[in-house]
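Taken in sequence, the protein lines are chains A and B.
So for the first sequence, our numbering puts the first residue at 1; every next one is plus one.
So for the second sequence, our numbering puts the first residue at 1001; every next one is plus one.
Heads up, the beta-carbon is just placed ideally off N, CA and C, and yes, glycines get one too.
Report on the structure given below.
Protein chains: 2
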Amino acid sequence: MAAPAEPRVCSVARALDVVGEKWALLAVREVFLGNRRFDEMIRRTGAPRDTLTARLRTLVDAGILQRHRYSDHPQRFEYHLTTAGRDLYPVILTLLRWGDEHLAGLEGPPLVLEHNCGHRLIPEVTCQACGEVVDPAETARRSPTST
Amino acid sequence: MAAPAEPRVCSVARALDVVGEKWALLAVREVFLGNRRFDEMIRRTGAPRDTLTARLRTLVDAGILQRHRYSDHPQRFEYHLTTAGRDLYPVILTLLRWGDEHLAGLEGPPLVLEHNCGHRLIPEVTCQACGEVVDPAETARRSPTST
DNA sequence: GGGGTCAGTCCGGATTCTGGACGCACGGTA
DNA sequence: TACCGTGCGTCCAGAATCCGGACTGACCCC
């Protein structure tokens, strides 16, 4: 018999169920950049309208965005980040950096961020305890030791 | 006339074209965890076989994984991380942390990593220049000032 | 010969994505 | 009044993808 499937219970998988789709994360990127309205997001992400509608709905359901009426008559809505949404910033930054390093053409990164400290922002992932930059080779699984 | 679409040229979008899909990132996660073979990945991710086949192919084409024959007769292959693949570790870590914080049940995070420094690994995104933890509010776009 | 492993492929149906057209409630202009 | 533009979607039909399950083919072991 074939070995039984044992899909890993894992926060990465759970996170990707919510946010693991291009347009979802691009919509969140737009909100970080200050574009909170439907049509702006359509323009700047390139997503099909139906798809964006669906994504925004799941993002709201997941507690990542909040739908906020900014006009009655006609009803108009903006999307704002919740705390959970703001906590996605690191995810977007690491993707940004990876894209900058591995997919940017000769013209270099198309979007450059600046940190309040005055320097260009180059995000690094560090260990909260020791502050060192994290390297896959210096990391191990704890306790629930399975394959 | 409607405002013309101007999809943002952006490393996040480019990165998501390659890696912005659940199974792709879960396959990479498995390789990080040491499971380099097709059937193991099937077992531990839960992906449909066809889909995993397709994802692995795009990951290899994108230079994230390398297909490595470990047996002729019968031909058998393993997938190894390239440098670009290893550079995805931060992305996976930030997703992991987000999932741990926002989707973990009462039992807490299902997978805990330990850093070589001896503490539980809690990944943080910091500014390479000043070492501070990055906050969206302390970040701005540089030069190409468009909306 | 019978069973197991590994890495896929093949299949057909279900779901999802996509682009374009359309709807409707306004506001501004003339 | 009529007309145009904007904002935020919905509707549609065809295309692309996803999915699970069955199957293949080359081995190995008993």
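In the three-state DSSP reduction, E138 (chain A) falls in the helix class (H, G or I). Taking 7 Å as the threshold, the shortest C-beta distance from G20 (chain A) to chain B falls below it. Boundaries cannot be given for R8 (chain A), as no beta strand (DSSP E) includes it and DSSP labels it neither H nor E.
In this chain, the alpha helix (DSSP H) harbouring L1059 (chain B) covers R1049 to D1061. H1068 (chain B) has B:E1078 as its beta-bridge partners, per DSSP. H115 (chain A) has B:T1139 as its beta-bridge partners, per DSSP. Here R1029 (chain B) is buried: its Cβ has 16 or more other Cβ atoms, across all protein chains shown, within 10 Å. The beta carbons of V125 (chain A) and P1090 (chain B) sit closer together than 7 Å.
Any Cβ of chain A closer than 7 Å to the Cβ of G1046 (chain B) would place that residue at the interface, and such an atom is present. Proximity to E1078 (chain B) across B:A1013, B:A1054, B:D1100 and B:V1031 peaks at B:V1031, based on C-alpha coordinates.
In this structure the segment 1053 to 1063 of chain B does not touch the segment 56 to 68 of chain A; the number of beta carbon pairs closer than 8 Å is below three. With contacts defined as CB atoms closer than 7 Å, A1129 (chain B) and C127 (chain A) fail to qualify as a contacting pair. Rounded to the nearest angstrom, the Cβ distance from L16 (chain A) to L1095 (chain B) is 7 Å, consistent with a contact under 8 Å. R69 (chain A) and Q75 (chain A) do touch by the CB rule: their CB atoms are close to 6 Å apart, below 8 Å. For a cut-off of 8 Å, the C-beta gap from R14 (chain A) to G1099 (chain B) is around 5 Å, short enough to register as a contact. The CB of D1087 (chain B) comes closer than 8 Å to the CB of W98, E101 and H102 in chain A, given here in chain order.
Per DSSP, P90 (chain A) is one residue of the alpha helix (DSSP H) stretching across Y89 to H102. With respect to chain B, the C-beta atom of R14 (chain A) has a partner C-beta closer than 7 Å. Around the beta carbon of S1011 (chain B), a 10 Å sphere encloses 16 or more other beta carbons of the protein chains shown; the residue is thus reported as buried. At least one C-beta of chain B is nearer than 7 Å to the C-beta of E124 (chain A).
At a cut-off of 7 Å between beta carbons, E107 (chain A) makes no contact with chain B.
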